[in-house]
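K.L.:
Below is a structure I'd like to ask you about.
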Amino acid sequence: MTLPNPAPRPPGELEQLRTVWRAPSGIAFLTAVNNTYIGLFYVAAALLFFVLAGILALLIRLQLAVPNNDLLHPVLYNQIFTMHGTMMMFLFAVPVVEAAGVYLLPNMQAARDLPFPRLSAYAFWAYLIGGLAFFCSLFLGLAPDGGWFMYPPLTSYQHSPGNNADFWLLGIGFIEISAIAGAIEIIVGVLRTRAPGMSLDKMPVYCWAMLVFAGMIVFAFPAVILATLLLELERAFQWPFFVAEKGGDPLLWQHLFWFFGHPEVYIIFIPAAGMVSMIIPTMARTPLVGYRFVVLALLATGLFSFGLWVHHMFTTGLPRLSMSFFSAASMAVAIPSGIQVFAWIATIAAGRLQLTVPSLFVLGFLFIFTLGGLTGVMVAMMPFDWQAHDTYFVVAHFHYVLIGGMVFPLFAAFYYWAPHASRRPLSERLGRWVFALLFIGVNLTFFPMHITGLMGMPRRVYTYPDALGWGDLNLLSTLGAFVVATGVALFLVDLLRNFRLSPAENAGNVWKAGTLEWLPGGLYATRSIPIVASREPIWNQPNLADDVEAGRYYLPGTATGVRETIVTSPIEAQPQYLLRIPGPHWSPVIAALGTAGFFLALTVKLTIIAAVFGAVALVSTIWWLWTTDTETDQSHVDIGGGVTLPTYQSGPSSHAWWAMIVLLLVLGTIFACLLFSYLYLWTVNPGAWPPPGARPPPGWIPIMNAGLYAAGALVIAIAARRLPERGGTRGRWPLSLLIAAATILIVSAATLEIVAHRDAGLDPRAHSYGAVVFTIAAVQGLCVAVAAIMGLYTVARTLCGMIDRTRRVTFESTMLFWHYTAAQGLVGLAIVHLVPRALGAAP
Amino acid sequence: MSNTRFVALLLYLFSTLLVWAAAFLAAYGWTAVVCSRRWEDTVVLGGRILPISIAAITVFALALTAALVISAVRRHMSAHDAAPQRLVARVLLTLAFVSAIAVVWNGLPALIFDGCA
Numbered sequence: 025m026t027l028p029n030p031a032p033r034p035p036g037e038l039e040q041l042r043t044v045w046r047a048p049s050g051i052a053f054l055t056a057v058n059n060t061y062i063g064l065f066y067v068a069a070a071l072l073f074f075v076l077a078g079i080l081a082l083l084i085r086l087q088l089a090v091p092n093n094d095l096l097h098p099v100l101y102n103q104i105f106t107m108h109g110t111m112m113m114f115l116f117a118v119p120v121v122e123a124a125g126v127y128l129l130p131n132m133q134a135a136r137d138l139p140f141p142r143l144s145a146y147a148f149w150a151y152l153i154g155g156l157a158f159f160c161s162l163f164l165g166l167a168p169d170g171g172w173f174m175y176p177p178l179t180s181y182q183h184s185p186g187n188n189a190d191f192w193l194l195g196i197g198f199i200e201i202s203a204i205a206g207a208i209e210i211i212v213g214v215l216r217t218r219a220p221g222m223s224l225d226k227m228p229v230y231c232w233a234m235l236v237f238a239g240m241i242v243f244a245f246p247a248v249i250l251a252t253l254l255l256e257l258e259r260a261f262q263w264p265f266f267v268a269e270k271g272g273d274p275l276l277w278q279h280l281f282w283f284f285g286h287p288e289v290y291i292i293f294i295p296a297a298g299m300v301s302m303i304i305p306t307m308a309r310t311p312l313v314g315y316r317f318v319v320l321a322l323l324a325t326g327l328f329s330f331g332l333w334v335h336h337m338f339t340t341g342l343p344r345l346s347m348s349f350f351s352a353a354s355m356a357v358a359i360p361s362g363i364q365v366f367a368w369i370a371t372i373a374a375g376r377l378q379l380t381v382p383s384l385f386v387l388g389f390l391f392i393f394t395l396g397g398l399t400g401v402m403v404a405m406m407p408f409d410w411q412a413h414d415t416y417f418v419v420a421h422f423h424y425v426l427i428g429g430m431v432f433p434l435f436a437a438f439y440y441w442a443p444h445a446s447r448r449p450l451s452e453r454l455g456r457w458v459f460a461l462l463f464i465g466v467n468l469t470f471f472p473m474h475i476t477g478l479m480g481m482p483r484r485v486y487t488y489p490d491a492l493g494w495g496d497l498n499l500l501s502t503l504g505a506f507v508v509a510t511g512v513a514l515f516l517v518d519l520l521r522n523f524r525l526s527p528a529e530n531a532g533n534v535w536k537a538g539t540l541e542w543l544p545g546g547l548y549a550t551r552s553i554p555i556v557a558s559r560e561p562i563w564n565q566p567n568l569a570d571d572v573e574a575g576r577y578y579l580p581g582t583a584t585g586v587r588e589t590i591v592t593s594p595i596e597a598q599p600q601y602l603l604r605i606p607g608p609h610w611s612p613v614i615a616a617l618g619t620a621g622f623f624l625a626l627t628v629k630l631t632i633i634a635a636v637f638g639a640v641a642l643v644s645t646i647w648w649l650w651t652t653d654t655e656t657d658q659s660h661v662d663i664g665g666g667v668t669l670p671t672y673q674s675g676p677s678s679h680a681w682w683a684m685i686v687l688l689l690v691l692g693t694i695f696a697c698l699l700f701s702y703l704y705l706w707t708v709n710p711g712a713w714p715p716p717g718a719r720p721p722p723g724w725i726p727i728m729n730a731g732l733y734a735a736g737a738l739v740i741a742i743a744a745r746r747l748p749e750r751g752g753t754r755g756r757w758p759l760s761l762l763i764a765a766a767t768i769l770i771v772s773a774a775t776l777e778i779v780a781h782r783d784a785g786l787d788p789r790a791h792s793y794g795a796v797v798f799t800i801a802a803v804q805g806l807c808v809a810v811a812a813i814m815g816l817y818t819v820a821r822t823l824c825g826m827i828d829r830t831r832r833v834t835f836e837s838t839m840l841f842w843h844y845t846a847a848q849g850l851v852g853l854a855i856v857h858l859v860p861r862a863l864g865a866a867p
Numbered sequence: 018m019s020n021t022r023f024v025a026l027l028l029y030l031f032s033t034l035l036v037w038a039a040a041f042l043a044a045y046g047w048t049a050v051v052c053s054r055r056w057e058d059t060v061v062l063g064g065r066i067l068p069i070s071i072a073a074i075t076v077f078a079l080a081l082t083a084a085l086v087i088s089a090v091r092r093h094m095s096a097h098d099a100a101p102q103r104l105v106a107r108v109l110l111t112l113a114f115v116s117a118i119a120v121v122w123n124g125l126p127a128l129i130f131d132g133c134a
């Protein structure tokens, strides 16, 4: 292979690269956005929540250790088990795998950073601030107490009148935002910032896994976002989505929650499986057997996991045929998971596995996860599930799946990648003890639960009588929990003793691995960006590390004097343009503070304070964005090897365009879930949709509103052809006026729709029909409001001369959102106005 | 390959799984509608409505999957194609096989249960 920059590099080039990527010092260190720091902070915060939720688990086990125990009051016990589940799922499991991705992906792809580092920083800070405040609700007696799934009617305003349920519903809002922000970052990062030559067929399995993981977040989290919105609307304003006597249905919550909740298990498992697929080949000193089948299994698992949600609802009285579809799908999903397990076993058999600590955790994972998978197939069968539902058998099953499928791979990953972030690796001796304690402890804790479950012990009870004979098994489980806690404590000791944070001067490639993250480098990732020719470049490309470190590959310094990385094409990974990456800034930190404060203040009904926090979040977001989408004097730069790249890109090639498309997929999924809710409520109200007395507005209203949305989109499309010339002032005002006109058109449409329903006498509190119709109008109104803010922002940038025919990314983002909003408005109008007329309920 | 073509290719890669998802949702949604409207005893083409309609959905989904497989073989299995394209084609073909089994597997319950009990 011909090296792009074979000649010696000029003096000072490396120092300049280091300076550009150096994190700020002092208090300004909080503004650092480097993926290395944010990723590690993120992992540390997730570990903190893991320990806190683990302490709650110990309290649960102490309470259940002996019969008739009164260590904890039942009210506190309810809060503790709810917080344990919620924190483990929302504050540990998803964030920690996302955090690992933020840290590892750029290194594994030899990108200097992810494309939106400020978004990663925002996601981290929102998560940390909001998560800590959420946990502290426990000390105020305000923690949620309705189980991590929050089923109504238990959590409705009649049966949970305090603020506890609101803490769950609004408190995790910021976590959902944080997860989606991270998912956008990961999708664009994996698809657009891989090293040149790292085509899809050479992409590490971990990158595939993170791509599937992020895609699943995009389609799964919207369901829980909508569910929490609907339940909060019911609790705050008595809109009866889940109240049966007013045309609602509590099962709607279960459908929406488990449409998120079941894929959530795979959202957690798939990245962990990706980690295992990286660790086993290194430890066995041989490439992964069946790469293509593993990729296929990841894709199939990701999609099939969306067809399983009803298996959580087998005892709800749904038609047998309906449940059978899900029972069949639940068994089918075991096949792709099994393919991966066989690929790992085949890789171990093909090589010579070194029994290091990461290997031990991987072997432990294979054992525990396989057991969890087997009991999963058992509960996928309806007759068995009817017996085991809501017993400790299910508790045992999902802990085997989650701990085996995620916690063990994660510990393997900690020991495997610690030398990448630390000056020295973690201790092999202590690590073996940690593994032994965790492996014995987990089996001791959860295996007896299979038996207590089959003996009939229900979940979530705070105590039980002696006569039932569950005492000895529960005591064993409690002892096991403390063995696990000892293992975790020993791991923390190992971290304290050996982990010395130093991403710039790490311990090096101690495992002799073959993937790019083990190349020497610093905060800028690698000195130069290599050309990848195989899946294990370090094994297959002789002298790669030395050539990369000597700057003989692409972009050996900083071409424009700021942070930058190469954007490549999504399939073949050919260099397309040089992305100049935003650096440290206070705005993401302040925006995160505003977001977390907004949700938490809203929870305790401090609406004015919530509005202030919301304004802070909005203003700081605008501040953050204002400093981006800039140009440099150099329109093209040479990165070596005769390759010259543009420094600015708009349209479908731009990373911003991709991010906006992913965001619109999220919004589209939320709206699709809302339309599903409308149609679902229709099916549970046969013959009464709309209910007597409720009528849709006259037929000319939707026709006029559709015209307004279409006109708004058309005006924006015209505006796209009227962007000012670069450097000229002519055309700024006409463009601004066009955007203002388009804003007036869509705002009018959204307002008229709400007013028309109100004038038609529709009451959202009287029946689920009114509630869901007003919610569709309100969600559309929210999108219109965001479009209007984006429009005003675009006008401001236009008038300041920051948008023109060349520098058009901001305008394109606004235009994409605008067209989406108009299309969503048209679909909403069609459903709300045509369905009642099709059913013959309105003229 | 341009970025816009990549989006199309991504959809193409997932197309057989999307066919399964669509068939799955159609079968589940249609069953919910039939049961909520109490139409389960309606006779269509000599059979009860649910088994007949779910069989129709299954056959249609299999036909679509077959069409996608033929298209993939024609478009992407050429020896001249680059490795990433061949990977896409092979993954699509394997996913098609998995999807076809899943479509049939998901349709089978309709042969056992035909009511709304």
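Sequence lines, in order, name chains A and B. Just so we're on the same page, our numbering is the position in the first sequence counted from 1, plus 24. Just so we're on the same page, our numbering is the position in the second sequence counted from 1, plus 17. Beta carbons are placed, not taken as given, at the ideal position from N, Cα and C, and that holds for glycine. Quantities reported herein were computed from a predicted structural model and do not represent experimental measurements.
#1: Can you pull the chain D neighbours of Trp122/B, defined as C-beta to C-beta under 9 Å?
#2: Taking 8 Å as the threshold (beta carbon to beta carbon), is Thr693/A in contact with chain B?
#3: Pop quiz: Leu547/A and Trp45/A are said to be a contact at Cβ under 8 Å. What is the actual Cβ separation, rounded to whole angstroms?
#4: Rounding to the nearest angstrom, what Cα-Cα distance links Asn498/A and Phe191/A in this structure?
#5: At the level of alpha carbons, what is the spacing between Pro449/A and Leu853/A?
#6: Across which residues does DSSP place Val61/B in a beta bridge pair?
#7: Where do the ends of the beta strand (DSSP E) carrying Arg604/A lie?
#8: Return helix, strand or coil for Gly664/A, following the three-state DSSP convention.
#9: Residues of chain B with CB closer than 7 Å to the CB of Arg950/A, please, in chain order.
#10: Got a sec, what are the start and stop residues for the alpha helix (DSSP H) Val686/A sits in?
#11: Please confirm whether Ser558/A has its beta-carbon closer than 8 Å to some beta-carbon of chain B.
#12: Give the residues of chain B in contact with Phe265/A, contact being defined as C-beta atoms less than 9 Å apart.
#13: State the start and end residues of the unbroken beta strand (DSSP E) segment that holds Val591/A.
#14: Contact between the segment 152-162 of chain A and the segment 252-272 of chain A is defined here as three or more beta-carbon pairs at a separation below 8 Å; is this criterion met?
#15: Using a Cβ cut-off of 7 Å, which residues of the segment 204-235 of chain A contact any Cβ in chain B, in chain order?
#16: Within a Cβ cutoff of 8 Å, which residues of the same chain sit near Phe266/A, ignoring the five residues on either side of it in sequence?
#17: Is the segment 467-481 of chain A touching the segment 165-174 of chain A, taking contact as three or more C-beta pairs under 8 Å?
#18: Closer than 6 Å by C-beta to Gln673/A: which residues in its own chain qualify, once you throw out the five before and the five after it? Chain order, please.
#19: Could you check the C-alpha separation between Val856/A and Pro98/A for me, to the nearest Å?
#20: Beta-carbon within less than 6 Å of Gly751/A's beta-carbon, same chain only, minus the 5 sequence neighbours each way: which residues are those?
#21: Which residues in the same chain as Gly511/A place their Cβ atom closer than 7 Å to its Cβ, once the five residues preceding and following it in sequence are excluded?
#22: Considering Cα atoms alone, identify which of Tyr486/A, Tyr424/A, Leu390/A, Pro489/A is closest to Leu468/A.
#23: Tell me the DSSP bridge mates of Thr415/A?
#24: Can you name the start and end residues of the alpha helix (DSSP H) that Phe637/A belongs to?
#25: Compute the Euclidean distance between the alpha carbons of Ile725/A and Phe408/A, then round it to the nearest angstrom.
#26: From the beta carbon of Ala324/A, is the nearest beta carbon of chain B less than 8 Å away?
#27: Which of the three DSSP states, helix, strand or coil, is assigned to Tyr578/A?
#28: Could you give the distance in angstroms between the alpha-carbon of Ala203/A and the alpha-carbon of Ala147/A?
#29: Please classify Ser674/A: does DSSP put it in a helix, a strand, or coil?
#30: Based on the DSSP output, what are the partners of Ile553/A in its beta bridges?
#31: Taking 8 Å as the CB-CB cut-off, is Arg316/A touching chain B?
#32: So, does the CB of Ala81/B fall closer than 8 Å to a CB anywhere in chain A?
#33: Where does Ser446/A sit, in a helix, a strand or coil, going by DSSP?
#34: In its own chain, which residues sit with a C-beta less than 6 Å from the C-beta of Val118/A, not counting the 5 before and 5 after it?
#35: Any beta carbon of chain B sitting closer than 8 Å to that of Ser611/A?
#36: Hey, is the segment 616-631 of chain A in contact with the segment 678-690 of chain A, meaning 3+ C-beta pairs nearer than 8 Å?
P.N.:
According to the structure shown:
#1: You won't find chain D in this structure, because its protein chains are A and B.
#2: no
#3: 4 Å
#4: 31 Å
#5: 60 Å
#6: Gly64/B
#7: 599-604
#8: strand
#9: Given that chain A is displayed from residue 25 to residue 867, the structure contains no residue 950/A and the question cannot be resolved.
#10: 679-707
#11: no
#12: The contacting residues do not exist; Phe265/A stays about 17 Å from chain B at best.
#13: 588-592
#14: no
#15: Ser223, Leu224, Asp225
#16: Pro176, Pro177, Ser180, Leu254, Leu255, Glu258, Gly272, Asp273, Pro274, Leu276, Trp277
#17: no
#18: Tyr601
#19: 45 Å
#20: none
#21: Val458, Leu461, Leu462, Gly465
#22: Tyr424/A
#23: Pro482/A
#24: 631-650
#25: 53 Å
#26: yes
#27: strand
#28: 7 Å
#29: coil
#30: Tyr578/A
#31: yes
#32: It should be noted that the sequence gives Leu, not Ala, for residue 81/B. Not one chain A Cβ lies under 8 Å of Leu81/B.
#33: strand
#34: Ala203
#35: no
#36: no
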